[in-house]
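> First, the structure itself, so that you have it in front of you.
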Amino acid sequence: MRAAQVSKLEGPEAVEIVDIPEPAPYPGGVVIDVHAAGVAFPDVLMTRGLYQMKPELPFVVGGEVAGIVREAPEDAHVRAGDRVVALTLLGNAMAETAVVPAQMVFRLPDNVSLEAGAGILFNDLTVHFCLRTRGRLAEGETVLVHGAAGGIGTSTLRMAAALGAGRVIAVVSTEAKAEVARANGATDVVLTDGWLAAVQELTGGRGVDIVLDPVGGDRFTDSIRSLASAGRLLVVGFTAGEIPTVKVNRLLLKNVEVVGAAWGEWVMSHPGYLREQWAEVEPLLAAGTITPPTPVLYPLDKAAEAVASLDNRTATGKVVVTLR
Numbered sequence: 206m207r208a209a210q211v212s213k214l215e216g217p218e219a220v221e222i223v224d225i226p227e228p229a230p231y232p233g234g235v236v237i238d239v240h241a242a243g244v245a246f247p248d249v250l251m252t253r254g255l256y257q258m259k260p261e262l263p264f265v266v267g268g269e270v271a272g273i274v275r276e277a278p279e280d281a282h283v284r285a286g287d288r289v290v291a292l293t294l295l296g297n298a299m300a301e302t303a304v305v306p307a308q309m310v311f312r313l314p315d316n317v318s319l320e321a322g323a324g325i326l327f328n329d330l331t332v333h334f335c336l337r338t339r340g341r342l343a344e345g346e347t348v349l350v351h352g353a354a355g356g357i358g359t360s361t362l363r364m365a366a367a368l369g370a371g372r373v374i375a376v377v378s379t380e381a382k383a384e385v386a387r388a389n390g391a392t393d394v395v396l397t398d399g400w401l402a403a404v405q406e407l408t409g410g411r412g413v414d415i416v417l418d419p420v421g422g423d424r425f426t427d428s429i430r431s432l433a434s435a436g437r438l439l440v441v442g443f444t445a446g447e448i449p450t451v452k453v454n455r456l457l458l459k460n461v462e463v464v465g466a467a468w469g470e471w472v473m474s475h476p477g478y479l480r481e482q483w484a485e486v487e488p489l490l491a492a493g494t495i496t497p498p499t500p501v502l503y504p505l506d507k508a509a510e511a512v513a514s515l516d517n518r519t520a521t522g523k524v525v526v527t528l529r
């Protein structure tokens, strides 16, 4: 089978298209003919050996797929021919065939294409975890998201209202990205230059209830300042590269929180949590309450460019690699 593989930890440019044997089926595993694979920022870090989890070299890039079940165990909840999405987690996604534990495989609603489906699990379930479990989003609250034109950002814009938010403010770096944010459901958009003052004006000085921050860097302290009383700043990642620090006296000023939101760790340490998430998210997707992503598509031959687009911040929305 053809696959996008990393054999040297030299960044996205080290991704190569190779022919390798299909993975062997194993007890409890679902064999999937992969049509599309999602790209996420951990993939960038893994190509440099900088992610907290490090697969052995060489490894196939990507952690989420969409495709058609070729075969499944008799006691599995999916059958041959089912359209599914699945989490491969540490690699093994950007290949023509994947074998995935049954508990990581989910039926895809009929109204969601396979290409869009490949962009759902990693980002949407991360955002669901952030807003529901770690952020404790209450009905009518205001959510602000940094990097709002990226994968996690557009997922937040698509999902926040369905999960109860009354207002969703997008922070972006350019007018072009502002259009992406509006198209994905932002109620308000502000540019990074002067964003804090703009948010204070939009909220009448009150601030926001939740900040979802996959960026980190030098805007972190202002994110704390942007919170209303009892607000929560959700730390999702550090795409800016710099890991910020916080002076905890700032948390006392308005009784605010800085909350870690590592979805992958939670999934691994809380068996059954993925099923709980999908049980809520899937009906919302099927009903159109949450719109599926409109991914930016790259063919497998351009997998290195797809990963690089997240590294150089040219990506808008979810990036997906197509294999069939």
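Residue numbers (my numbering): 206 to 529. Ideal placement from N, C-alpha and C gives every residue a C-beta, glycine not left out.
(1) Have a look at L330, L349, A353 and A509 and flag the residue whose alpha-carbon is nearest the alpha-carbon of E485.
(2) Spell out a yes or no on whether the segment 262–281 and the segment 206–221 are touching, meaning 3 or more CB-CB pairs, one atom from each, closer than 8 Å.
(3) If I'm right that A391 touches L362 with Cβ under 8 Å, what's the distance once you round it to whole angstroms?
(4) Which runs of the beta strand (DSSP E) fall wholly inside the segment 422–499 and span at least 3 residues, in chain order?
(5) Pick from S360, T499, P232 and G355: whose alpha carbon is nearest that of E279?
(6) My assumption, with CB atoms under 8 Å, is that S320 sits in contact with T521. Please give the rounded CB distance.
(7) I'd like the ranges of any alpha helix (DSSP H) spanning at least 4 consecutive residues and lying wholly in the segment 308–373.
(8) Using CA coordinates, which residue listed in Q257, G493 and T293 is at the minimum distance from G272?
(9) Using only the alpha-carbon positions, how far apart do V270 and A277 sit?
(10) Alpha carbon to alpha carbon, how far is L502 from W400? Give it in angstroms, no decimals.
(11) Just the Cα atoms here: how many angstroms apart are W483 and N460?
(12) Within the continuous beta strand (DSSP E) that includes V223, where are the two ends?
(13) Three or more C-beta pairs closer than 8 Å, one from the segment 488–496 and one from the segment 448–468: is that the case here?
(14) DSSP state of R207, grouped into three classes?
(15) Would you call N517 buried or exposed, if buried means 16 or more other Cβ atoms sit within 10 Å of its Cβ?
(16) Please confirm whether T519 has its beta-carbon closer than 8 Å to some beta-carbon of chain C.
(17) Could you give the DSSP three-state label for L214: helix, strand or coil?
(18) From G369 to D414, what does the alpha carbon distance come to, in whole angstroms?
(19) Between the C-alpha atoms of A366 and R372, what's the straight-line distance to the nearest angstrom?
This is what the structure gives:
(1) L330
(2) yes
(3) 5 Å
(4) 432–440 and 462–465
(5) P232
(6) The sequence given here places Glu at residue 320; Ser does not occur at that position. Going by Cβ atoms, the distance from E320 to T521 rounds to 16 Å, so no, they are not a contact pair.
(7) 319–322, 326–333 and 356–364
(8) T293
(9) 16 Å
(10) 31 Å
(11) 33 Å
(12) V220 to D224
(13) no
(14) strand
(15) exposed
(16) Considering every chain present, this structure includes no chain C. It has just one protein chain.
(17) coil
(18) 12 Å
(19) 7 Å
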